[in-house]
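Student: Mind looking over this structure? Questions follow.
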Amino acid sequence: MVHQDAPHTPASSAAAGVQITAVRIPEPGRETGTAAVGRDFALCRELVEAQHLELWGNLSRCLAWAESAEFWRGTEYEERQLFIARLGHNVLGMCAVELPLRDNTTTAGLDVLVAPAFRRRGFGAQLLKHVEAIARDRGRTSLGGHFEGPLEDLSPEGDTVAAKSGSGGLPLADPAVAFALASGYDLEQVERSSELVLPVPPELLSSREADARARSTDYEVICWDDVCPDELAIKFSALKSQMSVDVPTAGMDWGRED
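So the sequence shown is residues 1 to 258, counted in UniProt numbering.
Following this line, the structure appears as structure tokens:
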């Protein structure tokens, strides 16, 4: 995770002629596919899918069409704006800004994605400058973002930048790391996620299940569909609110979410 307090953004070296346009988000109930969701939204989706395939070799971590549309519609708690960038008739990338509306209203989440053919030509800096300006026009003083990649690609080897809080670091040679640092951002925190590859060998599954049962004798699993039961709503809301501060947030100015 990267984070910036300073109001300075380096000047872009990208060539003139880049057009950055707001993307129309599909309305609820629309079918998927280019004709239904709009050409620009579909092109952004293609960029994201290509990025996931480049990083992971699959789309298992990528939102489905309907999930993506629902996300970008935003909520009463967070406004989300998506933009597509073109150079002539060519799509060179996309950028986005997420603006909390009720809690953490001095913060903004930023995202920049440049197509491989247009990287290392200054376009990423131009896209970042665009969403930074939107965030600051809305009074946001703490800007952040994140990127992810396979552990083997991000394992610190050679020169690294250490996280300002917690543990871990990232290689300075990684393009995303170099871009963030050159843009004036700091590495606040490194997160690591793990996955359990399916199918799980029966002997391993049995061992994990036995261990889980031994640790969970005082717990009860309660399930529901769509809406939290009335008798649990207050406690569930309090739990969700507490979780917003239980997770380490380093120096990223994130506070409690009510």
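A virtual CB, placed ideally from N, CA and C, is assigned to each residue, including glycine.
Is the Cβ-Cβ distance between residue 186 and residue 172 less than 8 Å?
Tutor: For the purposes of this step, residue 186 is taken as residue 186 along the sequence shown, with counting starting at 1. For the purposes of this step, residue 172 is taken as residue 172 along the sequence shown, with counting starting at 1. No, the Cβ-Cβ distance between residue 186 and residue 172 is not below 8 Å.
Student: To the nearest angstrom, report how far apart residue 42 and residue 111 are at their CA atoms.
Tutor: Stepping through the sequence shown from its first residue, residue 42 is reached at position 42. Stepping through the sequence shown from its first residue, residue 111 is reached at position 111. One C-alpha to the other measures close to 18 Å.
Student: Distance check for residue 109 and residue 74, CA to CA, integer angstroms please.
Tutor: In the sequence shown, residue 74 corresponds to position 74, counting from 1. In the sequence shown, residue 109 corresponds to position 109, counting from 1. Near 13 Å, if we compare the C-alpha coordinates of residue 109 and residue 74.
Student: Alpha carbon to alpha carbon, how far is residue 14 from residue 117?
Tutor: For the purposes of this step, residue 14 is taken as the residue at position 14 of the sequence shown. For the purposes of this step, residue 117 is taken as the residue at position 117 of the sequence shown. Residue confidence is low: residue 14 scores 43 on pLDDT, short of 50, so the model does not pin down where it sits. Its coordinate-derived value is still stated next. Computed Cα separation, rounded: 14 Å.
Student: Looking at the unbroken alpha helix (DSSP H) that takes in residue 292, where does it start and where does it end?
Tutor: The structure shown does not extend to residue 292, since the chain is modelled only from 1 through 258, so no value can be given for it.
Student: What residues match up with residue 113 in a beta bridge as DSSP calls it?
Tutor: Along the sequence shown, read from residue 1 onward, the residue named residue 113 stands at position 113. Answer is 94, bridged to residue 113.
Student: Using alpha carbons as the reference points, say which of 217, 50, 124, 153 lies closest to residue 86.
Tutor: For the purposes of this step, residue 86 is taken as residue 86 along the sequence shown, with counting starting at 1. For the residues 217, 50, 124, 153, the minimum Cα distance to residue 86 belongs to 124.
Student: Assess, as a yes-or-no matter, whether the segment 127 to 144 is touched by the segment 90 to 97 under the definition of 3 or more beta carbon pairs within less than 8 Å.
Tutor: A contact exists between the segment 90 to 97 and the segment 127 to 144.
Student: For residue 25, which residues does DSSP report across the bridge?
Tutor: Against the sequence shown, residue 25 aligns to sequence position 25. DSSP lists no partner for residue 25.
Student: If you compare alpha carbons, which of 137, 154, 235, 151 is closest to residue 222?
Tutor: Translated into the one-based positions of the sequence shown, residue 222 becomes position 222. The residue with the shortest Cα to Cα distance from residue 222 is 235.
Student: For the structure I just gave you, are there three or more beta carbon pairs, one from the segment 78 to 93 and one from the segment 19 to 26, closer than 8 Å?
Tutor: Yes, since at least three Cβ pairs between the segment 78 to 93 and the segment 19 to 26 fall closer than 8 Å, the two stretches touch.
Student: Could you tell me the distance, in whole angstroms, from the CA atom of residue 89 to the CA atom of residue 76?
Tutor: By 1-based counting over the sequence shown, the position of residue 89 is 89. By 1-based counting over the sequence shown, the position of residue 76 is 76. Looking at the two C-alpha atoms, the distance is approximately 35 Å.
Student: Mind listing, in chain order, the continuous alpha helix (DSSP H) runs of no fewer than 4 residues lying wholly within the segment 32 to 93?
Tutor: Entirely contained in the segment 32 to 93, the alpha helix (DSSP H) runs reaching 4 residues are, in chain order, 34 to 37, 39 to 56, 65 to 72.
Student: Short check: CB of residue 161 to CB of residue 151, under 8 Å?
Tutor: Walking along the sequence shown from the start, residue 161 turns up at place 161. Walking along the sequence shown from the start, residue 151 turns up at place 151. Their beta carbons are not under 8 Å apart, which means residue 161 does not touch residue 151 by this criterion.
Student: If contacts are defined as beta-carbon pairs under 8 Å, then residue 92 and residue 114 qualify, I think. What distance do you get, rounded to the angstrom?
Tutor: Position 92 of the sequence shown, counted from the first residue, corresponds to residue 92. Position 114 of the sequence shown, counted from the first residue, corresponds to residue 114. Indeed they touch by this definition, with Cβ atoms about 6 Å apart.
Student: Helix, strand or coil for residue 19 per DSSP?
Tutor: What you label residue 19 is simply residue 19 of the sequence shown in a count that begins at 1. In this structure, residue 19 counts as strand in the three-state DSSP scheme.
Student: What are the boundary residues of the beta strand (DSSP E) that includes residue 170?
Tutor: Here the question's residue 170 lines up with position 170 in the sequence shown. Unbroken beta strand (DSSP E) run through residue 170: 169 to 171.
Student: Within 10 angstroms of the Cβ of residue 183, are there 16 or more other Cβ atoms? Answer buried if so, exposed if not.
Tutor: What you label residue 183 is simply residue 183 of the sequence shown in a count that begins at 1. Classification for residue 183: buried.
Student: Which residue or residues does DSSP assign as beta-bridge partners of residue 107?
Tutor: The residue you call residue 107 lines up with position 107 of the sequence shown. 142.
Student: Judging by CA-CA distance, which residue of 163, 164, 106 is the nearest neighbour of residue 138?
Tutor: Within the sequence shown, the letter at position 138 stands for residue 138. Nearest option by C-alpha distance: 106.
Student: Counting only the same chain and skipping the five closest in sequence on each side, list residues whose C-beta sits under 7 Å from that of residue 229.
Tutor: Here residue 229 refers to the residue found at position 229 when the sequence shown is read from its first residue. If we look at residue 229 and ignore the five residues flanking it on each side, it has no Cβ neighbours.
Student: In terms of residue numbering, what span does the beta strand (DSSP E) encompassing residue 161 cover?
Tutor: In the sequence shown, the residue the question calls residue 161 occupies position 161. Unbroken beta strand (DSSP E) run through residue 161: 160 to 162.
Student: Kindly indicate which residue of 164, 177, 61, 23 has the alpha-carbon position closest to the one of residue 194.
Tutor: Against the sequence shown, residue 194 aligns to sequence position 194. Residue 194 has its Cα closest to that of 61, out of 164, 177, 61, 23.
Student: Let me check one thing: in DSSP terms, what residues is residue 211 bridge-paired to?
Tutor: As a first step, residue 211 must be located in the sequence shown, where it is residue number 211. DSSP output for residue 211 lists no bridge partner at all.
Student: Could you give the DSSP three-state label for residue 218: helix, strand or coil?
Tutor: Residue numbering aside, residue 218 sits at position 218 when the sequence shown is read from its first letter. Note: residue 218 maps to coil in three-state DSSP.
Student: Using the C-alpha atoms, what's the distance from residue 145 back to residue 135?
Tutor: Taking the sequence shown and counting its residues from 1, one reaches residue 135 at position 135. Taking the sequence shown and counting its residues from 1, one reaches residue 145 at position 145. Distance between the alpha carbons of residue 135 and residue 145 is about 12 Å.
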